[in-house]
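Residue numbers (the UniProt record's numbering): 1 to 435. Backbone N, C-alpha and C fix where the C-beta goes; we use that ideal spot for every residue, glycine too. The structure under discussion appears below in the form of structure tokens.
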């Protein structure tokens, strides 16, 4: 069956999109898929800030999703073993999708824009049409944009220098927001009424965009769901050291930044994904939920996306002050089981190493007296001195919920209420049958 299409004129050139019908109510909507917003970050552009794609000649097809970011196949992401990792996607991934329920050239009024940032722990997932669930939004009077950004080492490796400052994935998000600001009116959207929304790492990304100086003025409301920039899994504490560990796994013998960077730029994308998985499953890391390559403070570089740790920026009120909705569900700790599992082996390890429960945001040096005391206090509070077992697994999930999510949410909420001049709303999702 031949696809029904529509051609519109944009500032960048003509674009051919799809005319679709919602499976929910058969309502017509228009989808423009795989629209490039950044040049392919290949070769020398690996690890660097993304550059605008620009326009095109003739009619460009926007009939299929662009490439997913390079990442491990989802079934193999758990850090319990070290099989040969399978990969999917491409480094050539800087594409976005635009959806609207009204013909863009027949719109009489500009619609609000909902800009969705995908989650995935900063190491997987994408903004593709099969992963966004956009049809539920097409009942509303809104233009929806979903974007890809580089994940894993490609998006967040940092050598803490100008050539590899880190946060390439956040810079991709900012570039996509700039594209929306400059071009969304061609799709019937209002560039002065953009709401950014995300869940999990997407929620943390929304929070990071609030903190990102280059993103100021590119959005006007924010919805942060189940992920915050100050959550322990959303930050790298020692990004250069992590980059050196990856390079060593892949065979690099140098620790000089320039040599390491050239080595990593010459490595294949598949090898980098596989090397990251080996790093994740190493004895040093495998027992602790750890997304490895995540946002980090930029110590050098032009237009820093994160000039300081999130809590410091929030305390000083250095964030985009727009209306914010933030919240999470009651069982966020279950996500941690994706990484370390719930098993007798896990219980035994934590029982013998209670310090692993001490979150990094407390700023305590591992192995110090204070760190050990904190571990014992956490143990007493959540487990009442009992060993971790199947009898106390509920308490373990409550503990993980607080460490991985709730504490970060409460801090963020308190900073927003204290420092922001805009409204702040909080929710808690409590439907136990669905979370």
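Cut-off 7 Å between Cβ atoms - residues of its own chain near residue i, not counting five sequence neighbours on either side
i: residue 22; result: 29, 135, 138
i: residue 230; result: 310, 311, 361, 408, 411, 412
i: residue 153; result: 246, 272, 276, 293
i: residue 3; result: 18, 63
i: residue 441; result: With the chain represented from 1 up to 435, any question about residue 441 goes unanswered, as that position is not in the structure.
i: residue 371; result: 355, 358, 364, 365
i: residue 226; result: 199, 200, 203, 328, 329, 332, 405
i: residue 267; result: 250
i: residue 417; result: 424
i: residue 141; result: 111
Residue environment, residue i, which counts as buried when at least 16 other CB atoms sit within 10 Å
i: residue 380; result: exposed
i: residue 241; result: exposed
i: residue 289; result: For residue 289, the predicted structure reports a pLDDT of 44, less than 50, and the residue's modelled location is therefore unreliable. The matter cannot be settled from this model.
i: residue 150; result: buried
i: residue 76; result: With a pLDDT of only 48 at residue 76, under the threshold of 50, the placement of this residue in the model should not be trusted, and no figure is reported.
i: residue 441; result: In the structure as shown, the chain starts at 1 and stops at 435, and residue 441 therefore has no counterpart that could be examined.
i: residue 125; result: buried
i: residue 421; result: exposed
i: residue 369; result: exposed
i: residue 255; result: exposed
i: residue 173; result: buried
i: residue 218; result: buried
i: residue 127; result: buried
i: residue 155; result: buried
i: residue 79; result: Because the pLDDT at residue 79 is just 49, under 50, the model does not fix this residue reliably, and the value given afterwards should be weighed accordingly. With 16 or more Cβ atoms within 10 Å of its Cβ, residue 79 is classed as buried.
i: residue 449; result: With the chain covering only 1 through 435, there is no way to say anything about residue 449.
i: residue 373; result: exposed
i: residue 132; result: buried
i: residue 298; result: buried
Cβ neighbours of residue i in the same chain (closer than 6 Å, five flanking residues each side left out)
i: residue 228; result: 204, 207, 408, 409, 412
i: residue 314; result: 415
i: residue 257; result: 159, 161
i: residue 58; result: none
i: residue 20; result: 29, 31
Cβ distance (whole Å) where residue i is taken to contact residue j below 8 Å
i: residue 38; j: residue 175; result: 5 Å
i: residue 276; j: residue 122; result: That pair is no contact at about 11 Å.
i: residue 239; j: residue 160; result: 6 Å
i: residue 196; j: residue 309; result: With a Cβ gap of about 21 Å, residue 196 and residue 309 do not count as contacting.
i: residue 382; j: residue 399; result: 4 Å
i: residue 249; j: residue 210; result: Between residue 210 and residue 249 the Cβ distance is about 34 Å, and since that is not below 8 Å, they are no contact.
i: residue 91; j: residue 70; result: 5 Å
i: residue 36; j: residue 53; result: 4 Å
i: residue 317; j: residue 419; result: 4 Å
i: residue 115; j: residue 194; result: 6 Å
Cβ-based neighbour list, residue i, same chain, cut-off 8 Å, excluding 5 preceding and 5 following
i: residue 11; result: 55, 182, 183, 186
i: residue 406; result: 328, 332
i: residue 265; result: 43, 44, 46, 47
i: residue 428; result: 327, 328, 329, 330
i: residue 342; result: 393, 396
i: residue 378; result: 354, 357, 358, 399
i: residue 367; result: 355
i: residue 104; result: 8, 30, 186, 187, 188
i: residue 324; result: 210, 221, 222, 223, 224, 416, 420, 422, 423, 424, 425
CB of residue i within 7 Å of CB of residue j, strictly
i: residue 129; j: residue 65; result: yes
i: residue 448; j: residue 73; result: Summary: the structure shown does not reach residue 448, with the chain confined to residues 1 through 435, and so no result is reported for it.
i: residue 236; j: residue 300; result: no
i: residue 232; j: residue 361; result: yes
i: residue 143; j: residue 178; result: no
i: residue 34; j: residue 68; result: no
i: residue 403; j: residue 354; result: no
i: residue 199; j: residue 326; result: no
i: residue 221; j: residue 113; result: no
i: residue 14; j: residue 7; result: yes
i: residue 306; j: residue 347; result: no
i: residue 100; j: residue 188; result: yes
i: residue 63; j: residue 18; result: yes
i: residue 120; j: residue 201; result: yes
i: residue 148; j: residue 93; result: yes
i: residue 164; j: residue 246; result: no
i: residue 216; j: residue 320; result: yes
Contact test: residue i Cβ vs the ligand PLP heavy atom, cutoff 6 Å
i: residue 359; result: This structure lacks the ligand PLP, and indeed carries no ligand of any kind.
Minimum Cβ-Cβ distance from residue i to chain C less than 7 Å
i: residue 24; result: Annotation note: the requested chain C is absent from the structure, which comprises a single protein chain.
Quiz item: Are three or more beta carbon pairs between the segment 267-276 and the segment 325-337 nearer than 8 Å?
Solution: no
Quiz item: For the 8 Å Cβ check, are there 3 or more pairs between the segment 163-174 and the segment 38-48?
Solution: yes
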